[in-house]
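Reviewing the structure listed below.
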């Protein structure tokens, strides 16, 4: 009887172990790719701007599981520029541009990436309303081409008053120096007038911090913003850091859907976190604000860049990054850019009034 | 058809009389759909229609009627037929254990019927199939039939013979239901407790159906017991259900009510209360999700010739979220922040139906129907700063509402005329007024007293008129050849443009032996509405939109042939082949759904064509203690979008998303005794297709260095691994006085197979090489899941 009981207990344990093992087994596993491996394609990336020479970056695509990330374009690439259907001439290959960067493997480790992407330039400067086409060809690759919609016109806009709210200021002594920690919030106002009433216009706001070069001084800062003004609609990207090496774009894209035919004030909060040693310069607190009027394809491209990386796309048809390069990949688009530098009012208030 | 009618009339010169009436359940007086009435002397017979009515014209003289319906004791009646006669039959439920446990109605699915590509599923059988979280589900039972594929793991999506998810006409008491899913598609809106009969048509559509390309699922609600009150209540892992029916006036007026609701949101309320109590910053917190279904039906037997039915259904999914930050003070300022979100979507369906026996040979079914799908999202953000020394405050408020939906008002009349036993002519028509609300977004932002934004954007309502007329004749030539031939004519007027379509339909059967037939059919279908969806899940943001001046109606031609063999009291075996071409199908352009709502929806899609072909085998056993079926489908489904300005995949042919080569399903139920029964389902299918980015390339360089993209050159270029799963269920019945208590225990995915749900790429760090390498990863979502439910029937 006791032996039977013991057996039953053993069986029960085994069953429980099995059930536990099954329930705890991972729902994620590595699988083998059994699909077709596609030949590399030529890639053209070019954003033209009225009054500026045309510049295109041409490279090649690689297979997604390749650990060799060499995307350098073949040496015999020929790129040609057309404007409004007229051939302007071949673009000239510049000395190779070498990019060095890191790709995050996980939160704690990064993998170095070295890339060589040559730039091709032309002396031709397009005008507003031009349609620009760029073609590229190379041995062993399909010919590719992409063209812009008409180059957008300039926009009337201005920066309004910048309001300051200080959250917290503290300091500590370190080896005879004073280190200030400042957390603050600003609110930028960008007033924009719809340049083309009755038609859809596409825009991008781009922020940049002028103090980046002062990293070596030991001063550090983080500035972030959030695109929660209604004009950004579904393109809200919360707390995109402006000036650190994240693979996200600190820029908000939007249309004039909400203010067609009139002016509108966009509110942009800036969240600041500074750690300052005593020897900082005034331009540490400068930022630039750019307003870009985009061609339609540039807007599509930026939108799909953003959407394609979102986690909820797991359940959807994957968002393909928009490309208008037939036969290959990339984007050939246009924009106008207007940039304003401004000094954050935080500087004077912090150094002269609030800090001792 | 006219010639056929004339030929079939030739033998009908003798003096004839007509018997007509209803066939009902003797206990509840509920009408029985598809019961057969057969005269053994003449060999003539017929079946009851969707309202339990039959009409049979026979030669004057002695007739020997045999009335039968599966699950019921056969009844015989002899009479001397001298004049037209009205005769109702009451059938008793068959309680003999070894005779019948669960059986399908066979009137329309047997080898004798000309109809092919149709399957009837008894609700009792649907309830016995083990399912995810123990939630019995009509659509998931249908997915187990050959020719029908589900979407992603666990979803109730239906893809019939290579068609899309919006190409299925789901009728609840004859009224279309637009959004048939709850909880992202993991459950359907049809509560089996409220249902009486489910029939799937996947090809050779009779002419009285129209409006969708790929399938019709005709679901009929229970009418309510005319004799006594009874019902059932059940508690499950996800939801609780309640059903109650009975007479309001005995033998005259009855009702049937069913309600189902999930209660996860109610169960987490205490946890939320604890959270808001323990986190000082939060003063109020509410969050939850639920869905519910409420079905009701009134059945008024005015006289032997007139019946009135009122059916209604309402069901919603809802997500709600509310948080209020506790006030805090900084710099003499008090801050309050509130966020409220209410998100609700669902259907409302209502039908008022009048059945009238106009004569012994003419039956009328007239109805006015309403169906609505609505999706409402409302959000409120409030921020209030109060400067305490002066008690002055500034309030900023942002309100956003998003609405979309569709409303249909329909008037419909159908006639069934049976001039001769070898002819049943159906004709009728309907008119539908559609109101589409594609997308309307309103926003209001106030800072202090100043309105910064107050606007409404989106597409205006679209109004459309749809009409349909049809005629079909079910003809019998001798006892060998049967034909159902008809034509469906429809028009659709929208944005000042009228589309029209003449759709011939024919299906035939040739009896080679008393239990063996060959069948063939053809159907041309046209569809005027589309579901815009970019997800493998059913999302509330999916939009129903009409054809436009630019987007023309979809249409499909389907040819099918098959052989049907009945092994008496053993198995029914069928094999069917089909070939279907589809035109003007829609697909989103790459990334188009994310371009923003400033684009018209018809700018975001491409039109193209598709074709599908396959072979389906079905072995079905509907008799005895062991019932179930084995289904196998071999299929192809392809798409091509190569029209100018509407190119996808470089214009090349690509597989449809749910193109699967093999699908196998085995479904078995066995009743050991009155107290215990077991059921099991095993499914196997080839993997789904998906679009996997296989090319990595440089994006635009920017100030932060490089930016990479990964894209696919071809749509649906990757096929996931095979899918297979075993589900088991057991029912234990405990007779009580009064009532019956049933304990159900079921296990989903018994052997815990990691079925593919999605794939993605990731870096996997190799310790030995100290290198991170790119790998393809597969995610599965439903491991082994046990569940139980308890129900009490009284």
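Residue numbers (the working numbering), protein chains in the order written: chain G, 17 to 372; chain C, 8 to 801. Think of the CB as a built atom: it goes at the ideal place given N, C-alpha and C, for glycine as much as any other residue.
In the DSSP assignment, residue 243 (chain C) falls within the beta strand (DSSP E) that extends over 237-243. The beta carbons of residue 304 (chain C) and residue 230 (chain C) sit closer together than 7 Å. Around residue 340 (chain C), the same chain offers 392, 394 as residues with beta carbons nearer than 6 Å, after the five sequence neighbours per side are excluded.
Of all residues in the segment 67-80 of chain G, only 73, 75, 76, 77, 78, 79, 80 come within less than 9 Å of chain C when Cβ atoms are compared, listed by chain position. Residue environment: residue 242 (chain C) is assigned as exposed (fewer than 16 neighbouring CB atoms within 10 Å of its CB, all protein chains considered). Segment contact: the segment 779-786 of chain C against the segment 162-178 of chain C, fewer than three CB-CB distances shorter than 8 Å; contact not assigned. With fewer than 16 other Cβ atoms from the protein chains shown falling within 10 Å of its own Cβ, residue 48 (chain G) counts as exposed.
Residue 290 (chain C) and residue 144 (chain G) have their C-alpha atoms roughly 55 Å apart. Residue environment: residue 198 (chain G) is assigned as buried (16 or more neighbouring CB atoms within 10 Å of its CB, all protein chains considered). Here the C-alpha atom of residue 244 (chain C) lies approximately 16 Å from the C-alpha atom of residue 266 (chain C).
Closest option to residue 306 (chain G), judged by alpha-carbon separation, among G:282, G:222, G:175: G:222. Annotation: the continuous beta strand (DSSP E) that includes residue 511 (chain C) extends over 504-520. It is roughly 39 Å from the alpha-carbon of residue 161 (chain G) to the alpha-carbon of residue 220 (chain C). Interface flag for residue 303 (chain G) against chain C is unset, since no Cβ pair is found closer than 7 Å. For residue 272 (chain C), same chain residues with a beta-carbon under 7 Å away, outside a window of 5 residues either side, are 295, 296, 297 in chain order. Beta-bridge annotation (DSSP): residue 318 (chain G) is not paired with any residue.
Under a 10 Å Cβ-count criterion, residue 150 (chain G) is classified as buried, with 16 or more other Cβ atoms of the shown protein chains found around its own Cβ.
Distance from the CA of residue 70 (chain C) to the CA of residue 23 (chain C), rounded to the nearest whole angstrom, comes to 12 Å. Taking a beta-carbon distance threshold of 7 Å, residue 661 (chain C) does not count as an interface residue toward chain G.
At a cut-off of 7 Å, the C-beta of residue 59 (chain G) has a neighbouring C-beta in chain C. The criterion of a C-beta distance shorter than 7 Å is satisfied by residue 558 (chain C) and residue 609 (chain C). Per DSSP, residue 608 (chain C) is not a residue of any beta strand (DSSP E), being assigned neither H nor E. Taken through DSSP and simplified to helix, strand or coil, residue 778 (chain C) comes out as strand. The DSSP-derived three-state label of residue 267 (chain G) is strand. In the three-state scheme derived from DSSP, where H, G and I count as helix and E and B as strand, residue 120 (chain C) is classed as coil. When the beta-carbon positions are compared, residue 196 (chain C) and residue 322 (chain C) come within less than 7 Å of each other. Under the three-state reduction of DSSP output, residue 793 (chain C) falls in the strand class. Between residue 72 (chain C) and chain G, the shortest Cβ-Cβ separation is not below 7 Å. Distances from the alpha-carbon of residue 789 (chain C) to those of C:516, C:154, C:758, C:633 put C:758 closest. By the neighbour-count criterion, in which a residue is buried when 16 or more other Cβ atoms sit within 10 angstroms of its Cβ, residue 316 (chain G) is buried. Taking 8 Å as the upper bound for CB-CB distance, residue 64 (chain C) and residue 25 (chain C) are in contact here, some 4 Å apart. Using beta-carbon distances, residue 213 (chain G) does not count as an interface residue toward chain C, since no partner is under 7 Å. Chain G has no Cβ within less than 7 Å of the Cβ of residue 328 (chain C). Take the alpha-carbon of residue 286 (chain G) and the one of residue 201 (chain G): they are about 6 Å apart. In the structure shown, the three-state DSSP call for residue 149 (chain C) is helix.
Note on geometry: alpha-carbon atoms of residue 236 (chain C) and residue 263 (chain C) lie some 10 Å from one another.
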